[in-house]
Amino acid sequence: MNTVEDSNYEYQIKAYLDAIRCFGENTDDYLYVYEIRKNRLWFSGNAIREKYNLLKDGKEYCSLDEWFSIVYPPDIKFLKESTVSRRWNKKNTYNINYRILDKDKNPIWVNNRGKLRFDEAGKPLVLVGRVSDVVLKQMVDPLTNLFNKTKLLEDGKNAQNSGIRGYFLLVGIDDLRKINIKYGWDYGNRIIMHVAETLNELSQGKYGVYRMDGDCLAVRLVNATKEETQNFFDEAQKILSLTCTISGGSAEFKNKKGEAENAYQYAEEALSKSKKVSKAMLQFFSEEDYKKKIADTLLLDELNQSVKNGFRGFSLCYQPQIKSSVYDLFGAEALLRYNSPSVGRQMPDRFIPMLENSGLIYPVGLWVLETALKQCAVWRKNSPKFHISVNVSYVQLKNSHITRDVLDKLYASGLPGSALTIEITESMQLQDYEHFNEIVSAWKEEGIEISVDDFGTGYSSLAYLKNLAVDEIKIDKSFVSKVYTNTYNYLLLKNMMDLADSTQIRVCCEGVEDDKELQVLEELNPFLFQGYLFSKPCEKKDFEKLFFNGDNSEYKELRKKISGIQKKNFDRFLNFKPLEVLKATEVGLWIMRIDKKAGVYEMYADETMRHVMGASDKNLSPEEYYQFWYSRINSGYYTYVLESLDRMAHDGSIVQFQYTWIHPELGDVLVRGTGARIEDSDGMVCLQGYHGMINNLVRPEFIEKAVMAESFDYDENRGMIYFHSQRSLLAGEEIHEGNFPESWINKKIVHPHFASDFRKIFIGVDKKDNFDDMELMLKTKHGDYGWFKLSARHLGLSEDEKSSLFVQLVQEDNERLVNLENMRIKDFYMASLSDSIAYAELDMECGWIQELGGLWQKLENEFEGKVDNLLQYLSDKRNECAGEDSYIGVEKEYSGEGLRKFIESETDKKTRFVIYKSIIEGNERWVKLVIHTFKDNFSGSVYALLCLKDVDERIKNEIVLKEVAEKDSLTHLLNRKSFEKHIDGYLDFAGRSGEGVYILFDIDYFKSINDKFGHLKGDEILKKNGTYSF
């Protein structure tokens, strides 16, 4: 190059440099000129050298390599591949984004734009442009230094119609919110930065990485396949596994118009599904799922409109509930249906979850309840005891108004609570037992019954449900279906029903569809059936045709089906064998052959008789069987039993006799036998009959016994008693009891006052011929003492029998018990007054003081025996210490007349009290006036007991403790608990119409203040703010 050319070149370069220096003074960007021939990069002004490590030692330019030295390392490869020689477009312009490092080594996003200029020969002379670290600031996330969502969408739009394909990947950090709560925001931010760095390193400048909102980051995988996208995600998951887990959602993009927004939206949908289905995995966008979601969204909109338009489109179907065995109609379950205006009838398992998730289930549920109750009221005209069952979801139960709203609907219907059964699913009550039990208790007070639906599919036990006062369980149809082929399900159902029966919980079997299932289920004895065998859920008019309108074919067909079922079951029940009946009832048959002259006694016993005697495993001769039976008769009954057999033999009468018998395994048992004489055999008297143990039989009384009595046998030789039946009056459960009579004396079944006389009756009974009746007090089943008349006699007169007694205890009237009880109450009454400083008994009807004690006894003359004088005195004493803080729990002061009204009003409130300040013996003290009221049921007269107690020390301590408990110890302001109490009090007073404003003050950066200056400084700031604010 000659001198002229050099001079011309330098002139042109100088002109460019003068231009950027001139314009550089008016911009925050860094203007530059790059000399291609000499590899010199010139910048306007000194601003760039102040922020970046360039132009050191006063240099005015740098080389391209020096510029690359401050480029963020992960971007160098990308930048070198985009050198000026490769990035020219048709307009010879240059535009690229990358990161450079400032003096503190922080990566800063810059936008580099330039234009190529040529010399006169058409050769590239310089690149003129600007580097800006400002233009991208609004598109950079300050935490991760990644581009944000705005830049992502911009990049997507810029790439439209470029033919580039790939996958858009959204990455969500799992449980970041919990991490922030547990470890703090700083730790959470470090997690986000670690994930950002990991994705950035894996992309190697090949893919764009972006920070979205919250816990979400994005990667734009240009020209990547689905498999490469999955591998990218898996590798990131592996690297991050020790720190956190990530979920991913991905969608393919094709860079057509509008594709950027769509791909982002589709990836969001996939990420949402990933987090719902199973975290820590990648889900690819499914167009089918997306279409379903759109359809669900449209359906939800329709459901909203239906609710707003008076529940248009909703309807109820009713499925009958049938009593087992008799197959009468018990009631029906109301089932919700929905008809969409656009797509028609919808299945409940689709639209009901939508109602629950959206909260619409609450108003819809109340509509269902109201509609079902109205229909129940109509059908009760045909079936007076018709029941309606309505489902209530857990979402409804969480609403604070559910208890009242359900009761309001019930009251409006005019039905008794017993007509309504509320069904809940088994799993819901496990989540909040206490809350649920409060609701149930309120409903059950009105007679509403509670049923647990789909029982067996959750985790609750019958005992748990019993504690919740559940009335019914509905066995899920999965256990009922084909039960006749599934032994496991049969045994499971049997156990469920046995346990339900033991806890008095009603059982309904759902999903009964054929006769075989019904036949097996009938053996298990549930209370109700529900299923297609009787009817599918049907609309009101069809339900009425089936069950109430007898003149139509549908009704006749159903009655014919039910009659057929009844006949099958009846035939099955009639198919019995007599011997099996005897065995089931434990009644044994016997024949006796007796020849007294020859001393031959024989007994022939059937299998059941041998079982009853506990001799099934014995191979005995007829003589041995007789001896086995006879030798075990209780010694006191020998004469009685032999006389019964003689009467059969001589009178030809049918004789029934009852005695106690010593069973080889069970001990003393009560046995009843019936027999008669039959044709003699081989010259021997023949008797036949049956025996059975009756001590374990249940014998309900047809009418209440006029005489309440217990009876037992007593054997002094063994010190044993044996009751003839279960103990229904006396304390204890034992049928056999040893160490008698000491066992009763030690257990205080016998009142201690009568112990000595009671013991004498049962000692040396073989030496006594007669026994006098005795009146005594014995402990009853209720735990108190009752009066009984004891009668005793010998069972027989032989020497063997004289040591045994038959004893009867007849319960007498309680007149004497009442007298003793009154004496005891009087003792307790006087003991209860021992801590009172004064007391008075008042006859409010007559107006007379019946008794005075303590301080008031000294004023007996002043009161003149009149109630009004005492009450006026009490009113005056209360007024001695005036002021709002002089009383507790009383809204106004009472005169003597007012105090009388206070005592006589609300006599159903047996005990009330007033706490106030009074002058006691010259000192001001807190006292408690306790008022007990009694109303005579016969005369209607009102009596009162007034007790005055000194509670000064306790009340003063309570006041101090209350003040301490209500205030924050640091600021002396009301604490959170007191604040909530004040708010609750206001809401209770104002009701739902109450209005007000909560103002919450929060000290900014309080945690940082504590961390930086210590908790003492933080406490000082808290105290100052409390003072300034209030």
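Numbering of the sequence shown is given in the UniProt record's numbering, commencing with residue 1 and proceeding in unit increments. All C-beta atoms, glycine included, are put in the ideal place defined by N, C-alpha and C. Please read these numbers as outputs of a predicted model, since none were measured by experiment.
In the DSSP assignment, His794 falls within the beta strand (DSSP E) that extends over 785-794. Here the C-alpha atom of Arg380 lies approximately 52 angstroms from the C-alpha atom of Ile749. The three-state reading of DSSP puts Cys509 in strand, counting E and B together.
Exclusion of the five residues before and after Tyr210 leaves Leu146, Phe147, Leu152, Ala218 as the residues of its chain whose Cβ lies within less than 6 angstroms of its Cβ.
Inter-segment contact for the stretch 350-364 and the stretch 406-421 is absent: fewer than three beta-carbon pairs are separated by less than 8 angstroms.
Scanning Ile191, Trp629, Asn223 for the CA closest to the CA of Ile239 turns up Ile191. Residue nearest to Glu860 within the set Ser875, Arg878, Cys846, Glu841 is Glu841 (criterion: CA-CA distance). In the structure shown, Gly588 adopts extended strand secondary structure according to DSSP, grouped into three states. Nearest to Arg37 by C-alpha distance, out of Asp28, Ser63, Gly45, is Ser63. DSSP assignment within the UniProt domain "GGDEF" (164-287) yields the following whole alpha helix (DSSP H) runs of 4 residues or more, N-terminal first: 176-183, 185-203, 226-240, 259-277. One thing to note: Asp213 has its Cβ no nearer than 7 angstroms to the Cβ of Leu176.
Under DSSP, Glu710 forms a beta bridge with Leu809.
Residue range 420-425 is occupied by the beta strand (DSSP E) that includes Thr421. Nearest in C-alpha terms to Leu329, of all of Ser535, Tyr943, Met777, is Ser535. When beta bridges are read from the DSSP output, Arg912 appears opposite Ile931. Per DSSP, His753 lies in no alpha helix (DSSP H) segment and is marked neither H nor E. Three or more beta-carbon pairs separated by less than 8 angstroms link the stretch 229-249 to the stretch 195-202, which places the two stretches in contact. For Val131, same chain residues with a beta-carbon under 6 angstroms away, outside a window of 5 residues either side, are Tyr30, Val110, Asn112 in chain order. Arg37 sits in coil when the DSSP states are folded into three classes, being neither helix nor strand. About 6 angstroms separates the beta carbons of Ser681 and Arg593, which is inside the 8 angstroms limit, making them a contact pair.
Between the stretch 651-671 and the stretch 609-628 there are three or more inter-stretch CB-CB distances shorter than 8 angstroms, so the stretches are counted as touching. CA-to-CA, the gap between Pro341 and Ser400 works out to about 33 angstroms.
In the DSSP assignment, Val867 falls outside any beta strand (DSSP E) and within the unbroken alpha helix (DSSP H) covering 867-879. Arg350 counts as exposed, since fewer than 16 other beta carbons sit within 10 angstroms of its beta carbon. For the pair Ser836 and Val951, the Cα-to-Cα distance works out to about 10 angstroms. Note that the C-beta distance between Met774 and Leu790 is below 7 angstroms. For Thr674, there is no enclosing alpha helix (DSSP H); the residue is part of the beta strand (DSSP E) that begins and ends at 667-681.
Nearest neighbour of Glu449 by Cα position, chosen from Leu546, Ile915, Val507, turns out to be Val507. Below 8 angstroms, enough C-beta pairs join the stretch 516-535 and the stretch 317-327 to call them touching: three or more. Assignment of Phe979 by DSSP, reduced to helix, strand and coil, places it in the helix class.
Taking C-beta atoms as the reference points, Gln688 and Ile591 count as a pair closer than 7 angstroms. Close CB contacts of Lys398 within its chain, under the 7 angstroms cut and outside five residues either way in sequence, are absent. Closest by C-alpha distance to Thr225, out of Glu269, Asn180, Leu169, Gly188, is Leu169. A direct Cα-Cα distance of roughly 8 angstroms separates Lys767 from Lys802. When DSSP states are grouped into helix, strand and coil, Arg99 belongs to the strand group.
Residue pairing for Asn148: DSSP places it in a beta bridge opposite Arg211.
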